[in-house]
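Numbering (the numbering used here), first residue to last: 249 to 406.
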């Protein structure tokens with residue numbers, strides 16, 4: 249049955265749950281579990297899937313824009329909002345493919361009270377944008393970000 253916890257649909261390693269958002273992950277460690285699969289009722293194009301291990305979480309948010317947008321412009325539009333929510337941007341890097349087109353943007357964020365750190369990676373395919381957010385306590389972030397980088401490094405569009 250697809251709604252049971254033992255169903256292959258609910259197993260993160262199968263990547264089936266992510267394919268509904270138009271992408272898959274080739275690598276998910278066994279100690280990461282699927283914790284949420286929600287859809288925003290206000291905007292049917294926004295969806296979220298969460299993976300969690302002992303202290304960290306990776307949240308995948310899907311959005312579809314009305315028009316094609318430049319990914320760097322999309323990310324920079326929200327940068328000023330981070331400060332209002334108690335975060336400071338520690339780093340921003342654009343990843344380009346061989347034809348010099350930006351395919352993803354990596355954003356490192358620190359909580360101002362120094363309790364958590366986050367890494368956001370934005371992926372774009374036409375009007376589709378997936379924002380993957382890795383968050384963990386400051387003390388364990390360096391360790392969990394290695395898993396995060398491997399998981400997000402295996403991201404690919406269907």
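All C-beta atoms, glycine included, are put in the ideal place defined by N, C-alpha and C.
Ranked by Cα distance from residue 306, the options 349, 283, 372, 318 are led by 283. Distance from the CA of residue 267 to the CA of residue 299, rounded to the nearest whole angstrom, comes to 15 Å. Relative to residue 400, the option among 371, 388, 360 whose CA is nearest is 371. Between residue 273 and residue 403 a beta carbon distance of about 6 Å is seen, short of the 8 Å cut, so the two are scored as contacting.
Your pair residue 406 and residue 271 checks out as a contact, with CB atoms roughly 6 Å apart and the cut at 8 Å.
Rounded to the nearest whole angstrom, the CA to CA distance from residue 308 to residue 377 is 10 Å. According to the DSSP secondary-structure assignment, residue 304 is paired through a beta bridge with no residue. In this structure, the alpha-carbon of residue 297 lies about 26 Å from that of residue 360.
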